[in-house]
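Numbering-wise, my numbering puts 494 at position 512 of the sequence shown, and it's gapless, one number per residue.
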Amino acid sequence: MSTSPTLGRHSVAFRLWASVLAVIAALFAVIGFSAWRSNQVQEQTTAIAAAMDAKVDAARRWAGLTTANVVRVQATAASAEPVIESMFKERLASSISEISQVQKSIEAMDLSPEDKALMERIAAERKTVLDSLGKIRGQKAADPAAAAQELTQRFNPAVDIYLKSLSEFADLQTSSKARLLAELAEQRKSTVRIAALLIVIVVAGLVAGAFWLVRSIQQPLAQAMEVAGQIAGGDLTTRVAVNRRDEFGLLLGAMDRMAGQLRQVVGEVRQGIESVSTASSEIATGNHDLSARTEQTASSLQQTASSMEELTATVGHSADTARQANQLASSAAEAATRGGQVVEQVVGNMAQITESSRRIGDIIGTIDGIAFQTNILALNAAVEAARAGEQGRGFAVVASEVRSLAQRSAEAAKEIKGLIGVSVERVEAGAQLVEQTGSAMNDIVHSVKRVTDLIGEIASAAGEQRDGIAQVNQAVTQLDQMTQQNAALVEESAAAAQSLREQSARLAEAVSVFKVDRQVVAAAAPATKAFRPAAPAAKKPTAAAATKPKPAAARKAPAPTAPAPTPKPGPAVTDEWESF
-17 MSTSPTLGRH
-7 SVAFRLWASV
3 LAVIAALFAV
13 IGFSAWRSNQ
23 VQEQTTAIAA
33 AMDAKVDAAR
43 RWAGLTTANV
53 VRVQATAASA
63 EPVIESMFKE
73 RLASSISEIS
83 QVQKSIEAMD
93 LSPEDKALME
103 RIAAERKTVL
113 DSLGKIRGQK
123 AADPAAAAQE
133 LTQRFNPAVD
143 IYLKSLSEFA
153 DLQTSSKARL
163 LAELAEQRKS
173 TVRIAALLIV
183 IVVAGLVAGA
193 FWLVRSIQQP
203 LAQAMEVAGQ
213 IAGGDLTTRV
223 AVNRRDEFGL
233 LLGAMDRMAG
243 QLRQVVGEVR
253 QGIESVSTAS
263 SEIATGNHDL
273 SARTEQTASS
283 LQQTASSMEE
293 LTATVGHSAD
303 TARQANQLAS
313 SAAEAATRGG
323 QVVEQVVGNM
333 AQITESSRRI
343 GDIIGTIDGI
353 AFQTNILALN
363 AAVEAARAGE
373 QGRGFAVVAS
383 EVRSLAQRSA
393 EAAKEIKGLI
403 GVSVERVEAG
413 AQLVEQTGSA
423 MNDIVHSVKR
433 VTDLIGEIAS
443 AAGEQRDGIA
453 QVNQAVTQLD
463 QMTQQNAALV
473 EESAAAAQSL
483 REQSARLAEA
493 VSVFKVDRQV
503 VAAAAPATKA
513 FRPAAPAAKK
523 PTAAAATKPK
533 PAAARKAPAP
543 TAPAPTPKPG
553 PAVTDEWESF
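Put into structure tokens, the structure is as follows:
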């Protein structure tokens, strides 16, 4: 199927956006023209209505002022009171001046020739009325009858004609306004008809563009569907001629490359099916040998696990004994610490006793001094009594007794002082012995604490050994479990190899429906080789890991592999195949 290169020159996105933008531009043009024309007509309508209304209002104002002046003139002419004449005179002059201003404002407006002719006639009629009014004023004082005649014969008829002309001017403006508004309404309808015509043109262009766009999309889609149908039917020998540069050209090129890749893949698959069958047989044999070796390894691991459990129990017993010894050593250290505290208290008490003995010696010295002074005083009293003669004899006897008591007190104080001195020396000697005992007790306490620390370290090391052996035991148990799981996986692998052999047969049957070139099959033949299991390399024992091994989760045995259904030929969706 051939397509026009002109349609495929630009991308689909470009064509779509160009169509959309063209429609948007046309709609904006129509809307802009309609809005501009409607706005112009609306502005003209508003301006004309305002001008006409201003003319009508001015004419009505003019007529109202004129009517009021006519009433004032008639009242002044009919009345002979000077007060009324003077009162209406000022108002009449003011109204005439205002009418002149209104007349000037109308003449300054945009007037048609008919308006100008009517305004000239109104101005002449106004002049006639003003002239008649001047005569009435002049004749009012000299000849009231002539003034009344002027009023009835000339002034009133002239005023009627004057007011009719003003009414005619207002009616003329109203009719002109209605006529112009009708013309503007007709222009508005004409604008609507033009906009409708433009919309019809835009719709016609849109239909033509849509037909062109659909035609530019349908042709490459039909070609792509034809190629996809051939590939879906298993015919991979199809070739796609691409003469487009848009997205459909890229799609057709990708489909051509996909067909080429499928041809190569199907050829390689046909050559690889035999290799897969051979490899699956060798895998089954290797899995059988691996299963036997795995069972032997599992038996050895069970024996190792039993030995590790016994070693764990022995180390745990040693750790418990070390912990009990650590508790006893801690109790001894606490007792030694309490003994050291008691000795420290004894040393403090001995120091207090020594201090008290020293204070007693000081007090005895004070008593000895008092006895010596008492003896001196008694001697002085005896001398004074001897001087007094007979009158002082009794006092001399008392002084003699006091002196005797003072001497005995001094002797007793000397003996006590001697005993206290000996006691103080003994107490000081005892305090030194107690201090030495306290120092020895402190050494004992430090030694007991050191022994306690050593026993604690031994207990901690024993606990760590117990934990380490428990971890090793756990690791061995996990290794045993994983070995058993590996044995189950080996059996599953053997079943999977058998299933793989069956699936390779089904795959050969499935790819036989594809039609490929013989050159492709011949080129793919040397690229495939039968799978050969490599000999297992001898592994050296590795050192135990320092970290604590985590228990491995029990692996569930996979469900038996179900036979694969026979694939149905269908369209491929990928462009490149790396592996099958």
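Note that the Cβ used here is the ideal one computed from N, Cα and C, for glycine as well.
Keep in mind it's a predicted model, so treat the numbers as computed, not measured.
Between Gln463 and Val297, the C-beta spacing is not below 9 Å.
Judged by their CB atoms, Ala479 and Ser273 are not nearer to each other than the 9 Å cut-off. Rounded to the nearest angstrom, the gap between the Cα atoms of Thr348 and Leu387 is 16 Å. The Cβ neighbour count for Thr48, taken over all protein chains shown within 10 Å, is at least 16; the residue is labelled buried. Around the C-beta of Arg275, fewer than 16 other C-beta atoms lie within 10 Å, and the residue is accordingly described as exposed.
The segment 233 to 244 and the segment 443 to 461 do not touch, with fewer than 3 CB-CB distances between them shorter than 8 Å.
In this structure, Ile335 places its C-beta atom within 9 Å of the C-beta atom of Ala413. The residue from Ser16, Leu166, Arg54 with its alpha-carbon nearest to that of Ile30 is Leu166.
In the DSSP annotation of this structure, the continuous segment of the alpha helix (DSSP H) that includes Gln131 starts and ends at 126 to 132. Spatial neighbours of Ile81 in its own chain (CB-CB distance under 7 Å, excluding positions within 5 residues in sequence) are listed in chain order as Trp44, Leu47, Thr48.
Val251 sits buried, since 16 or more C-beta atoms from the chains shown fall within 10 Å of its C-beta. Using a Cβ-Cβ distance cut-off of 8 Å, the segment 425 to 436 and the segment 391 to 398 are not in contact, since fewer than three pairs of beta carbons, one from each stretch, lie closer than that value. Every candidate alpha helix (DSSP H) stretch fails here, since none sits fully inside the segment 380 to 419 while reaching 4 residues. Residue environment analysis places Arg320 among the exposed positions, since fewer than 16 neighbouring C-beta atoms fall within 10 angstroms of its C-beta. Contact between Ile440 and Ala314 does not hold, since their C-beta atoms are separated by about 15 Å, which reaches or exceeds 8 Å. In this structure the segment 172 to 180 lies against the segment 13 to 22, because at least three pairs of beta carbons, one per stretch, are closer than 8 Å. In the structure shown, Ser114 adopts helical secondary structure according to DSSP, grouped into three states. Taking a contact as a CB-CB distance under 8 Å, the pair Ala287 and Asn455 counts as one, their CB atoms being some 7 Å apart. Proximity to Lys109 across Ile143, Lys122, Asp125 peaks at Ile143, based on C-alpha coordinates. Under a 10 Å Cβ-count criterion, Ala364 is classified as buried, with 16 or more other Cβ atoms of the shown protein chains found around its own Cβ. Counting only residues of its own chain and dropping the five nearest sequence neighbours on each side, Leu361 has a CB closer than 7 Å to the CB of Arg385. 9 Å or more divides the Cβ of Ala368 from the Cβ of Gly376. With contacts defined as CB atoms closer than 9 Å, Ala487 and Ser259 qualify as a contacting pair. Straight-line measurement puts the Cα of Leu9 at about 49 Å from the Cα of Ala99. The residues Gly420, in chain order, have a CB closer than 7 Å to that of Glu326 in the same chain once the five nearest residues on each side in sequence are set aside. Distance between Leu154 and Glu102, taken at the CA atoms: about 15 Å. Asn357 and Ala395 have their alpha carbons spaced roughly 14 Å apart. Annotated three-state conformation of Ala0 is helix, per DSSP. A Cβ-Cβ distance of about 5 Å is found for the pair Ile88 and Ala40, placing them in contact under the 8 Å criterion. Gln453 and Ile437 have their C-alpha atoms spaced approximately 24 Å apart. Spanning the alpha carbons of Ser1 and Val196 requires a straight line of approximately 12 Å. In terms of Cα proximity to Gly400, the closest of Glu72, Asp344, Ile213 is Asp344. When only Cα atoms are considered, Ala476 and His270 end up about 7 Å apart. Asp302 has its alpha-carbon roughly 58 Å from the corresponding atom of Leu482.
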